Every structure is written in C-alpha cells, then in structure tokens.
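Trainee:
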Amino acid sequence: MHPLPRFYLACTASAIAVAAGLVSAAQVAPGAEIASAVPAARALSIDELRAMEGSQRFDSTRLIVKFRSDATEADKEQAMRAITPTSHQRLRGGRQDRGLAKVTDLSLASESPQARAHARAMDRYELVHLNRLWSVPSAIAQLRRNPLVEDVQPDWMLQLQDVAPSNDAAFTNLWGVQSAATSPANAFGTGAAELWQQGYACKTTQPVYVAVLDTGVRSTHEDLKDNIFSNPGEKGGDGIDNDGNGFIDDAKGWNFYSHSNNTEDDHSHGTHVAGTIAARHNNSLGVAGICGDGGVKILPVKVCSSGGSCPTSAVLEALSYVVDLKTKRGINVVAVNLSLGSMSDNVNNNGIEYFQAARDANIMVAAAAGNSAANTDARFMWPANLDVENIIAVGNLKQDGTLSSTSNFGVTSVDIAAPGTGIYSTVISSDSAYNWKNGTSMASPHVAGAIGLYRVLHPAATVQETRNALLSSAAVEASLNGKVAGSRRLDVSHWAWGKATSFQAQCGASLTNRVGLWIRTTAYSDGTLRTPLAQMGTALTITNAQGGLMGSYARKTDANGQVLWSFSGTQFPWGSQFSVNVRTDDGGSRNYTSAELGCYASH
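Quick note on the numbering used here: the sequence shown kicks off at 72 and runs consecutively.
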C-alpha cells in the first residue's frame, strides 16, 4: 500500500499519471474525503497521447470514462454519442452492458453503507468503444471539455512482472518454501516446508479460493488439476447461465481478455503463479505450493493476452466478477493475486473503488511491487500502491536474503518481501512441465498462498486481522532496511495450526549483572493454564512507546512449553518504556506493557 491518506470515492489522479511511467522504455510493468496532501496529477497533453499511438501502451479502440456522480444516463449518452458507434458499456463483470459494479448487483440490504457507496461510485465508470473515425487522443480531447466527465483515460495495457529466468542448477530446490530448519535448508524461505516437517497439512472441509488474475491457468496440469476451482452453480457446456451471474458456462472461471469461458493459459505466467500458491503437496510429483493439500483452490481469471498485455478494464471487470462470486454465489474467495502492473510518476487512483469493494467482501490482494528497480515511495505502482488496507505490495527476495536489484523498493510503499528469484513452478509446455522464473510476479503468489493458508486456519479472520497477522509474523532482515517497510520478509514457519491455546509471559532484568533482559513465554493447552504445550509456535515483538518496532523473536516452545528471549544491554535501551506482544499458534494475541511486566527499570 502507498503511504497516502485513504481514498474512498476519489479517482482524480488517473492513467494520466500512469503514462509518464509508460513513456519510458525502461519500464517492465506497466470517512470519505479527498486529502489535500495528495500531489496533483498532471494531465497528459493531447500531443503526448498522440506520441504514444502505435506503441501498444494502450488499446486504440476504447476508453475508460468516469462521470461525475450527478451525471444522468441521458447526460452520458449525449456526451458519447459522437465517439461511439453504439451505446457505451458500464464496466460490469461481463454482461452485455459490462461494468465493474452495478448498484443493484452489489447493494444488498445486509451490506454496509460504505459498501453501497463504493458500488455507486463504481457504477460511474463506462467502457467506451470508439467510432472508427475517432482516435484515442481526439476522443479524450472531446470528453475533457464536458464538465460532467470527472476522468477519462485510455485503456492502459498493464504488464506481467516477471523477468528473465536463471538456469543455475541450484535453483532446482524449492527454496521459497524452506527455512533454516528444513532439509534442504534456506534461512530466507517462507518456512512452509517446516510446517510440513511438523506434520501439518493445509486441509479443510471448506476450501478457500485464491483468484489468479493473469494469463490463465493450465487446468489439466498434473500438479494443479486437483486444486482448480469448479463452479458448483454452473453446468459447463450447456450454454446456460445456470448460476445467474451473467456468465454462460463459467465452470472454471472467466476470460475477461476475450470475454469467453476459456481460462486456459496460453503464456505460462499464470500457471507458474498458480503452482506457487497451490501446486499439490505430497503427491510424488513436481513441486508443492504454499497450501497444496487441498485447503486452497485456484480460481483462474484470465485478464491478459498470450503476449502478456493486460488491459486495465479487464482487471477491473475481473475484480467485480470475483466479488460477485464471493458475495452472491457463496464462493469463499479470500485473496486475489495480481502479478502485473504499471508505473507512473504521479499518484494513480484509477479504479480504487473496485479494490475497496474487494476489501468490503473480505478479500485480500497480493500485488507485485514491480521490477523497475524504482523507489515507489517517490513513484507509483498500480495497483500495488493503491492505498487500500487489503492490498499487500510484495518485493522480490533473493536466496541470500537481499532484495533483488530489479525489484521496486520503498520503506513505506512495499509492505513485505517474499521469495521471487529462482522460483521453480508449473508451466504450460505439457501437463508435467516445470521451469524457473524470476520477478515480483513470483514473489506475490508466495504472499497470496500465505493469505490462503491463514484463512484456512482462521476462517473468520477479517482483512485487518489477516493483514496484521501477515506483517506482524514477518521475519526482520537487516538487509531490507531502507527498502521494505519494517525490513520484513514473509515467514509462516511458526504460524497457527488451530490449536486451542492460552499463554502467559514474564519479563525481567538479569539477576546477575542487569546488562540483559529476558522474556519468558509459556503456552498452555487451554485457559486453565495447567498443561504446557511443547513445540508450540510463539511469536514475540517489542515496540517502543511511539509504536516503533524494536525487535522480534519467533520460536517453538521447548519441552516445558516455554520460549526464552534474551536481549543484551547494547540491544535494549535501559530505562525505556516498551510493550511486548505475544502471539501463539491459535492466533491469540495480547499486549503486555513494560510496567505490567516489570521490565522498564533503569540501569
């Protein structure tokens, strides 16, 4: 997420801002009030837009228009009568009058006023197909003169966020799931394999779904076929919209690039992403995803061409489709993976309402931070830097624990780093094909898989709880200082496995020379605090009085159910007030103040 105030109904800095980043050939990727602190977006001149024609930076036949809230349907028709051969289309998830959201679709009586407001805001977007006599720059110039048009932009082509793979033989190891305690070991992996070694299997009687908005997914791949979405409300092949969602035969998702039910991958990028999330675990085949035991299923949603171009309009329509499946069709979608994006020099809030609608539906978004080696505290990556709580911006971590030189970075705009270099996963060459890829495209699905894992363990978790769990459990790496918020890297090695536990913590100065500090935590089987739990994952963090992170520690409890965390005098400033947060595997959490623990006495 980007470090800017929240935007709920604001969409003023449009793809006008995107274009500045698109011009550069170096780019590989494409309470509710507006805060005055937001930098103003510069509107591209018509000459600048004309200079981009033929560059394939945007679709030459259509525009995305956002009208003011007081514009009537008649106003819209009049504004666009000259530039569109037929009627314009709302950006709804795939109906003939397609639109990203329609108030009647999303505004159930049970939904919050905020959700209904976002739905109304989304209903202001129109996808305009141009009359052949109009060019994109000319049509934009025409619409800009209309006072009822709030924003108008080309349908920008986003790009996938992978880079050239490495053929280093060492990359055959699935280092992205390893930890220091696994065999083979990599101290900077996510630690999912450490859980497998402990006997944990990511299973549930009520699977959750991660939507992969990408180039499609090879549904027949040996390592994916058992974990692919099957729409229970749709009978594929009968030519009927059985579940009434506006999509005929969407038995395995939908293709928003060609507007069909064919979600098969014709590029390999989406299949590679899907394998990292949920390739089948423990089946004696190929690779294993973060949650590959059946607890997480992949929902294929194709938004990109075989060449890797992804229209913004397709992404927005796809988000609406996913939200509808969750809120109306009973499909428990918990996360969206977006390994694509576009850079700009200005804030770009185009389509932010659609991500807010996903948030309101309790859906997280894992988004690639981008591969431009850029500081996104100063520049803007869409959609990773949209300021919405459910978006996690993910940087590319290398096997040595450092950030890749190609990864975008930012101490406030990149939320976490995850394995993204030398990632081995499923591809489309055959039903038994695998290969390596690099990039924030490969890092993002590690986080999407982790979100799925957390929601399997904690089905009732909210967006904020999921976000907090993901970021607070992250390992802190000094090598990420100044590059990633909190110097965080993804670590699930000590995550909860649904045990009913309670805990106590004790804290005090060393009894010998008082140059150290220790914190002892004991996990128990229940609230009676009588039966200690051995080998229980426990995570502790210390923050100062201003809320700044001072240190973190995560270990399994010993045979007595205890974890002992010690500091030296050089690590801990004596005389400081601080707070200790203790979390155990069931997701329970409590903050202990230094006064309560008796640990703040001066030297």
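C-beta: ideal position from N, C-alpha, C; glycine also. Keep in mind it's a predicted model, so treat the numbers as computed, not measured.
Looking at the strands, I want to know which residues DSSP matches up with Asp285.
Mentor: Residue 285 sits at position 214 when you count from the first residue of the sequence shown. Asp285 pairs with Lys373.
Trainee: With respect to the beta strand (DSSP E) encompassing Val465, which residues constitute its N-terminal and C-terminal limits?
Mentor: As a first step, residue 465 is located in the sequence shown; it is residue number 394 there, counting from the start. Start and end: 462-468.
Trainee: Please classify Leu635: is it buried, with 16 or more other beta-carbons within 10 angstroms of its beta-carbon, or exposed?
Mentor: Locating residue 635 in the sequence shown gives position 564, counting from the first residue. Flag for Leu635 reads exposed.
Trainee: Please report how far the alpha carbon of Ile311 lies from the alpha carbon of Glu548, in whole angstroms.
Mentor: Residue 311 sits at position 240 when you count from the first residue of the sequence shown. Residue 548 sits at position 477 when you count from the first residue of the sequence shown. Between Ile311 and Glu548, the C-alpha separation is close to 53 angstroms.
Trainee: What residue range does the beta strand (DSSP E) around Ala39 cover?
Mentor: Residue coverage of the chain in this structure runs from 72 to 674, which leaves residue 39 outside it and unanswerable.
Trainee: If you run the structure through DSSP and keep just helix, strand and coil, what is Trp246?
Mentor: Counting from 1 along the sequence shown, the entry for residue 246 is found at position 175. Trp246 falls in the helix class under three-state DSSP.
Trainee: State the Cα-Cα distance for the pair Val70 and Met452, rounded to the nearest angstrom.
Mentor: The shown model of the chain, from 72 to 674, leaves out residue 70, and the question about it has no answer.
Trainee: Enumerate in chain order the residues of its own chain whose CB-to-CB distance from Ala282 is below 6 angstroms, with the five nearest sequence positions on each side excluded.
Mentor: Position 211 of the sequence shown, counting from 1, holds the residue named residue 282. Leu370, Val372, Val393, Val404, Val407, listed in sequence order.
Trainee: For Leu201, does the three-state DSSP call read helix, strand or coil?
Mentor: For the purposes of this step, residue 201 is taken as the residue at position 130 of the sequence shown. Coil, per DSSP.
Trainee: Is there contact between the segment 485-500 and the segment 381-396, where contact requires at least three CB pairs shorter than 8 angstroms?
Mentor: Verdict: no, contact absent.
Trainee: What did DSSP end up calling Gln230 once you bin it into helix, strand or coil?
Mentor: Counting from one through the sequence shown, the residue named residue 230 turns up at place 159. Strand at Gln230.
Trainee: Roughly how many whole angstroms lie between the Cα atoms of Ala458 and Ser140?
Mentor: Along the sequence shown, one-based indexing puts residue 458 at 387. Along the sequence shown, one-based indexing puts residue 140 at 69. Just to set this straight, residue 458 is Asp in the shown sequence, not Ala. Cα to Cα, Asp458 sits roughly 22 angstroms from Ser140.
Trainee: Would the beta-carbon of Ala485 fall within 8 angstroms of that of Ala514?
Mentor: As a first step, residue 485 must be located in the sequence shown, where it is residue number 414. As a first step, residue 514 must be located in the sequence shown, where it is residue number 443. The question names Ala, but residue 485 in the sequence shown is Val. Result no, Cβ atoms of Val485 and Ala514 do not sit closer than 8 angstroms.
Trainee: In the segment 309-392, which residue ranges form an unbroken alpha helix (DSSP H) of at least 4 residues, counting only runs that do not cross its ends?
Mentor: Taking only runs of at least 4 residues, the alpha helix (DSSP H) segments lying wholly in the segment 309-392 are 340-349.
Trainee: Which residues mark the beginning and the end of the alpha helix (DSSP H) in which Tyr425 is found?
Mentor: Within the sequence shown, numbered from 1, the residue matching residue 425 stands at position 354. 423-431 is the extent of the alpha helix (DSSP H) around Tyr425.
Trainee: Under a three-way DSSP split, which group does Val418 fall into?
Mentor: Stepping through the sequence shown from its first residue, residue 418 is reached at position 347. Val418 falls in the coil class under three-state DSSP.
Trainee: One question on the structure: do Gly379 and Thr286 come within less than 8 angstroms of each other, judged by their Cβ atoms?
Mentor: To locate residue 379, count along the sequence shown from 1; it is residue 308. To locate residue 286, count along the sequence shown from 1; it is residue 215. In contact: Gly379 and Thr286 (Cβ atoms closer than 8 angstroms).
Trainee: Let's see if you can read the secondary structure: which residues bound the alpha helix (DSSP H) around Ile299?
Mentor: Looking up residue 299 in the sequence shown gives position 228. Run containing Ile299: none; DSSP gives neither H nor E here.
Trainee: According to DSSP, which residues form a beta bridge with Ser490?
Mentor: Numbered from 1 along the sequence shown, position 419 holds the residue referred to as residue 490. Note on residue identity: the sequence assigns Pro, not Ser, to residue 490. Its beta-bridge partners are Leu468.
Trainee: Quick one: using the 10 Å Cβ neighbour count with 16 as the cut-off for buried, is Glu148 buried or exposed?
Mentor: Within the sequence shown, the letter at position 77 stands for residue 148. By the 10 Å Cβ count, Glu148 comes out exposed.
Trainee: Using the Cβ count rule (16 or more neighbours within 10 Å means buried), how would you classify Gln268?
Mentor: The residue labelled residue 268 in the question sits at position 197 within the sequence shown. Its Cβ having fewer than 16 others within 10 Å, Gln268 is exposed.
Trainee: Look at Ala455 and Ala429 and say whether their C-beta atoms are less than 8 angstroms apart.
Mentor: If you number the sequence shown from 1, residue 455 lands on position 384. If you number the sequence shown from 1, residue 429 lands on position 358. Not a contact, by the Cβ cut-off of 8 angstroms.
Trainee: Over what stretch of residues does the beta strand (DSSP E) that includes Thr132 continue unbroken?
Mentor: Translated into the one-based positions of the sequence shown, residue 132 becomes position 61. That run of the beta strand (DSSP E) goes 129-138.
Trainee: How long is the line joining the alpha carbons of Thr614 and Ala556, rounded to whole angstroms?
Mentor: Translated into positions along the sequence shown, residue 614 becomes position 543. Translated into positions along the sequence shown, residue 556 becomes position 485. Between Thr614 and Ala556, the C-alpha separation is close to 15 angstroms.
Trainee: My guess is that Lys323 and Ile299 are in contact by the Cβ rule of under 8 angstroms, so how many angstroms apart are they, rounded?
Mentor: Looking up residue 323 in the sequence shown gives position 252. Looking up residue 299 in the sequence shown gives position 228. The pair is a contact, with the Cβ atoms about 6 angstroms apart (cut-off 8 angstroms).
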